[in-house]
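Student: Residue numbers (this note's numbering), protein chains in the order written: chain A, 93 to 263; chain B, 1115 to 1374; chain C, 564 to 837.
Ideal Cβ placement from N, Cα and C applies to all residues, glycine included.
The structure presented is a predicted model; accordingly, all values stated were derived computationally and were not measured.
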Amino acid sequence: MSNRAVDWWVGIFVLLGIAALAVLAFRVGNLSGFQYGQGYILHADFNNVGSLKVRSPVKLGGVTVGEVTGIRIDPKTFQAEVSMRIDPQLKLPVDTGASIYTQGLLGEQYIAIQPGGMPQDLKPGGTITLTQSAVNIDQLIGQMVFSKAEGGSGGSSSGSSANAIPNPPGQ
Amino acid sequence: MSALDFIPELGHRVRESVPRLGAATRFLVLGLGRPFHRHFSIQQWLRQVYGFGVLSLALMVVAAFFTGMVLGFQGYYALVRFGATSALGTLVALSLLRELGPVLTALLFAGRAGSALTAEIATMKATEQLSAMEMMAVDPLAWVVAPRLWAAVFTVPILCVIFDLVGIFGGYLIAVPVLGVDSGTFWSQMQSNVSFRGDILNGLFKALCFGLVVAWIAAWQGYSAQPTAEGVGNATTRSVVAASLAVLGLDFILTALLFS
Amino acid sequence: MAASDLIEIEQLRFSRGSHRVLDGVDLRVRQGAVVAVLGASGGGKTTLLNLMAGTLRPDAGSIRVQGREPAKLRRSELFALRRSMGMLFQHSALFTDLSVFENVAFPLRRHFRLPETLLRKLVLMKLEAVGLRGAATLRPGELSGGMGRRVALARAVVMDPILIFYDEPFTGLDPISVGIIATLIRRLNDALGATSIVVSHDVGETFSIADYGFILAGGKIIAQGTPAELRASESPLAQQFLGGRPDGPVPFHYPSAQSFLEAMGLKRWEAGRS
Chain A
93 MSNRAVDWWV GIFVLLGIAA LAVLAFRVGN LSGFQYGQGY ILHADFNNVG SLKVRSPVKL
153 GGVTVGEVTG IRIDPKTFQA EVSMRIDPQL KLPVDTGASI YTQGLLGEQY IAIQPGGMPQ
213 DLKPGGTITL TQSAVNIDQL IGQMVFSKAE GGSGGSSSGS SANAIPNPPG Q
Chain B
1115 MSALDFIPEL GHRVRESVPR LGAATRFLVL GLGRPFHRHF SIQQWLRQVY GFGVLSLALM
1175 VVAAFFTGMV LGFQGYYALV RFGATSALGT LVALSLLREL GPVLTALLFA GRAGSALTAE
1235 IATMKATEQL SAMEMMAVDP LAWVVAPRLW AAVFTVPILC VIFDLVGIFG GYLIAVPVLG
1295 VDSGTFWSQM QSNVSFRGDI LNGLFKALCF GLVVAWIAAW QGYSAQPTAE GVGNATTRSV
1355 VAASLAVLGL DFILTALLFS
Chain C
564 MAASDLIEIE QLRFSRGSHR VLDGVDLRVR QGAVVAVLGA SGGGKTTLLN LMAGTLRPDA
624 GSIRVQGREP AKLRRSELFA LRRSMGMLFQ HSALFTDLSV FENVAFPLRR HFRLPETLLR
684 KLVLMKLEAV GLRGAATLRP GELSGGMGRR VALARAVVMD PILIFYDEPF TGLDPISVGI
744 IATLIRRLND ALGATSIVVS HDVGETFSIA DYGFILAGGK IIAQGTPAEL RASESPLAQQ
804 FLGGRPDGPV PFHYPSAQSF LEAMGLKRWE AGRS
C-alpha cells in the first residue's frame, strides 16, 4: 500500500466521520440549544410545573418555538417562575397564555403557548400572566375515583377545573 | 490456618502488580508524550489510522446495522404493550448513542485491532525488531507505540459516530417500513429527546476513552510479552480479555459520571 | 596500548533473578581488531553484548565504551553513542513490513534528512557490499536465512559505525553462508576501519577471522589470547570447549538437588538391599 493511497483512504475515513457526526447532530439530536441562542427570554408564573424540566420544549400549535431555560421559586408569591427562550422571529401579543401539557399519557411535559389578540407585543424579558398549571394525573385519577364512589355524575368535569387557573382567551 | 492463606496470597499479588501497574502507566505516559519526539512520524500514524479505522469499517457497519435492527424489534415489542411505540425512535437513538455505540465499537475494536496490535508488537519483540531499533538509536516508543496509541484515540470515536448512525438507520428500517411506526413520529420524538451535547458528544467522549484504554492495554501486553511464540499467543489472549473487561468497567464509571 | 582500547570492562557482574550470569568479567578490546567472545550457549555472551550496548545495566563493575559508561548516560546521550555502533542480531531482526531496501535505509532515514538520490546510493552501496543489490525490492519474508543475515549486516553497517557487535552470526546457516558471513565480517571491519566483537560458539569459523579471543565460562573469562595461543592453552576448560568434549569441567549434567537414583525412586530399593 503506497503512502498516497493510505492518505486518500484516511482522508475519506475522516470525512465519513464528520459527515456522520453532522447527520447525527441535525437529524437525530436537537441542536435547539444553538438554534435558540439568539432568542429572547419570557417569564411565566405557574402554581405547579409538574415534571417540567430545563430544556423542555415550548410549542405553539404543536411546533417547537423555544425551550425552557430555567425554573425557580419566587420567594414572595411562592409560585414557580419559568424562564423560556423564544424564537426571535416570533412576536407574541401581551395577552398570550401559557399552559403545561403532557405529550401523550406518559410522555414528557412541555409548555404550550396560546397567542392572544392584543395589538401590543410582549417585550423581551416580559411575563406571560395567563397561565395554566400542569395537570396532576394522580390528583385527577383520585378525584375521579372519589366522585365515582360518591355516585355523583358531575364529578368528571370538576376534576379538570379544580386545577385550572383562568382559561386563556381564544381557546 | 489454610482458610486465611488468601491474605498473604493477596499481599503477594499486590506486591507483584503494583510495580507492573507503575511500569504500564509509565509506558502510557511516555507513549502519549512521544508525538513531540523526533522519531515520531505522521506517516506511521496515518498507516495505523488506516489499519485500525478504514480496515475495521466494514465490520463496524455490519455490526451496527444488525444491532440497530434488533433494537428496533425489541424496543417495539417492549413499547407496544404500553401503547408507546411513538417513543421507539428515542429508545433506539439513546441506546445507541449513550451505550451500545461506544461499548460495542470498543469491544469490536479490541477484538479486531487490539489483538492484532498486541500480536504485532509482541512479535516485533520476539524477533528482536524492537531491540534492533534501540540499537539503531531509534526510540521504539516514538516509532512504534506512540503512532498506535494516538491512532486508536483518533479512530475509535470516528468508528463510533459511524456505528451510531448506521445503527439508527437499521432501527429505522425495522421500525418504519416493517413494523409500521410513523416515520415523522420516529424522527421527531428522537430529535426532541436526544441532546447533542448530553448524548451524542458524551457518547463520543466515552468512545475516545475506550479507544485509549484498549490501545494502551494491547500495546502494553505486546511490549511486556515473553519473547517466545507461546508468549505472543498468551499476550494476545490476555490483551482481548483485559481490554474487553476494562471497557465494560470503565463504561460503568463514565456512565455514572457523565449521565447522572 | 591502554589509550587505544575501545572497550574496557572491569569486574563486571550481572544477575538475572537469583542466577548470576556474569561474575567478575574483565575484558579489553583494542581498536581495529576483530575480537571473538566464545562460550557455551546460555553462558552470558549475549548478555555481555547487551551490557556493552547499554540495553542492560550492570549490577557492579564498570564498562567503558569509547571512554564513556553506557549505564550512566542519559537516554539521549546513549542514543548518540549508539549511532556509532552497529549490531547484527541472532535472528537478523529485519522489519518485516519494509522491503530490503527500506530496511537498510531505515537508520539513515531516521537520523538524517538525505536527498533521495544520495540515500539510494548509500543503501545500494552497502547492499552491493553484501552481494544483495539485486534483492533490494524483496521483502524479508522472501529471503533465505543466509540472505536475511546479510541484509541485516548491511543495515548494521549503513551508518558506518566504529564498533560492530555480532550476536551468533553463524548459527543456523549452511556452510556456504557461514563462509560468506565470516568473510564479510572481516572485510567490512577492515574497510570501515571499525572494531568488531563476534559472540559465537562456533570455534572454527570465529577463529578463522578473529585477531583475539576470549573464552567465557561460568560467568568469568577463563582464557584469552590470539587464536593460536588459545588453541595451545592448557586450561582444561578451554580444552573442553575448543575440543568439543561433552563432559569435563563444564558438567554434562545440569545440577540437580536429587541424586539420579532418588529421582528414579530407586534409593529405597538400594537401601533395602544393603
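Between the segment 672-686 of chain C and the segment 748-767 of chain C, can you find at least three pairs of beta-carbon atoms closer than 8 Å?
Tutor: no
Student: Determine the direct distance from the alpha carbon of GLN1188(B) to that of ALA1236(B), and round the result to whole angstroms.
Tutor: C-alpha separation (whole angstroms): 42 Å.
Student: Quick test of the definition: if touching needs 3 or more C-beta pairs under 8 Å, does the segment 1295-1314 of chain B touch the segment 1199-1209 of chain B?
Tutor: yes
Student: May I have the straight-line CA-CA distance separating GLU159(A) from SER1353(B), to the nearest angstrom?
Tutor: 47 Å
Student: Can you give me the Cβ contacts of PHE126(A) inside the same chain, cut-off strictly under 6 Å, excluding the 5 residues immediately before and after it?
Tutor: Its pLDDT being 46, under 50, PHE126(A) is placed unreliably in this model, and the coordinates cannot settle the point.
Student: What does ASP99(A) reach in chain B if we use C-beta pairs closer than 8 Å?
Tutor: LEU1160
Student: Going straight from the alpha carbon of ARG620(C) to that of LEU611(C), what length do you get?
Tutor: 10 Å
Student: Along chain A, in chain order, which residues have C-beta atoms closer than 9 Å to that of ASP1296(B)?
Tutor: What ASP1296(B) touches in chain A: nothing, since even the nearest Cβ is about 13 Å away.
Student: Which term fits ASN858(C), buried or exposed, when burial requires 16 or more other beta carbons within 10 angstroms of its beta carbon?
Tutor: Past the boundaries of the shown model lies residue 858(C); chain C is included only from 564 to 837, so the question cannot be answered.
Student: Identify whether GLY217(A) lies in helix, strand or coil by the three-state DSSP scheme.
Tutor: coil
Student: Can the beta-carbon of TRP1330(B) be found closer than 9 Å to that of LEU1142(B)?
Tutor: yes
Student: Nearest-angstrom Cα distance between MET615(C) and GLN803(C)?
Tutor: 27 Å
Student: What residues of chain C sit near THR1241(B), judged by a beta carbon separation below 7 Å?
Tutor: Result: HIS654, ALA656.
Student: Buried or exposed: where does PRO180(A) fall if 16 or more other Cβ atoms within 10 Å of its Cβ makes it buried?
Tutor: exposed
Student: Would a check of beta-carbon distances place MET1183(B) closer than 9 Å to chain A?
Tutor: No - not a single Cβ of chain A is within 9 Å of the one on MET1183(B).
Student: Hey, out of VAL663(C), GLY807(C), LEU575(C), LEU779(C), whose CA is closest to GLY696(C)'s CA?
Tutor: Rather than Gly, the amino acid found at residue 696(C) in this sequence is Arg. Considering only alpha carbons, the answer is VAL663(C).
Student: Going along chain C, which residues have a C-beta under 9 Å from SER1338(B)?
Tutor: Residues of chain C whose Cβ lies closer than 9 Å to the Cβ of SER1338(B) do not exist; the shortest such Cβ separation is about 16 Å.
Student: Under 8 Å, with one C-beta from each stretch per pair, do the segment 687-706 of chain C and the segment 585-592 of chain C reach the 3-pair mark?
Tutor: no
Student: Output, in chain order, the set of chain B residues within a Cβ distance shorter than 8 Å of PRO670(C).
Tutor: MET1250, ALA1251, VAL1252
Student: Counting only beta-carbon atoms, is PRO180(A) nearer than 9 Å to chain B?
Tutor: no
Student: Just checking: is the beta-carbon of ARG645(C) within a distance shorter than 9 Å of some beta-carbon in chain B?
Tutor: yes
Student: Any beta carbon from chain C within less than 9 Å of ALA1177(B)'s own beta carbon?
Tutor: no
Student: Can you give me the Cβ contacts of ARG591(C) inside the same chain, cut-off strictly under 6 Å, excluding the 5 residues immediately before and after it?
Tutor: ASP568, GLU571
Student: Among residues of its own chain, excluding the 5 on either side of PHE1324(B), which ones have a beta-carbon nearer than 7 Å to its beta-carbon?
Tutor: PRO1216, ALA1220, VAL1270, VAL1361, LEU1364
Student: Just to confirm before moving on: does the CB-CB distance between THR789(C) and GLN1243(B) stay below 9 Å?
Tutor: no
Student: Expressed to the nearest angstrom, what Euclidean distance is found between the alpha-carbon atoms of VAL1295(B) and GLY1197(B)?
Tutor: 11 Å
Student: So is PRO260(A) in contact with chain B if we call contact Cβ pairs under 9 Å?
Tutor: Legend: pLDDT at PRO260(A) = 48, less than 50; position of this residue unreliable, no value from coordinates given.
Student: From which residue to which residue does the alpha helix (DSSP H) around PRO799(C) run?
Tutor: 799-806
Student: Quick one: what does DSSP say PRO207(A) is sitting in, helix, strand or coil?
Tutor: coil
Student: Counting contacts by CB-CB distance shorter than 9 Å, is ALA1333(B) in contact with chain D?
Tutor: Absent from the structure: chain D. Protein chains present are A, B and C.
Student: ARG713(C) and LEU747(C) look like a contact to me (Cβ under 8 Å); what is the Cβ gap, rounded to whole Å?
Tutor: 7 Å
Student: For chain B, check one thing: does any of its Cβ atoms lie closer than 9 Å to the Cβ of ILE104(A)?
Tutor: yes
Student: Would you report the Cα separation of GLU1213(B) and GLY1317(B), rounded to the nearest angstrom?
Tutor: 7 Å
Student: Where do the ends of the alpha helix (DSSP H) carrying ASP1365(B) lie?
Tutor: 1343-1372 is the span of the alpha helix (DSSP H), which, as asked, contains ASP1365(B).
Student: Any Cβ of chain A within less than 9 Å of the Cβ of ALA1207(B)?
Tutor: With respect to chain A, the C-beta atom of ALA1207(B) has a partner C-beta closer than 9 Å.
Student: How long is the line joining the alpha carbons of SER124(A) and ASN666(C), rounded to whole angstroms?
Tutor: A caution first: SER124(A) carries a pLDDT of 46, below 50, which makes its placement in the model unreliable, though a value can still be read off. Spanning the two alpha carbons is a distance of roughly 56 Å.
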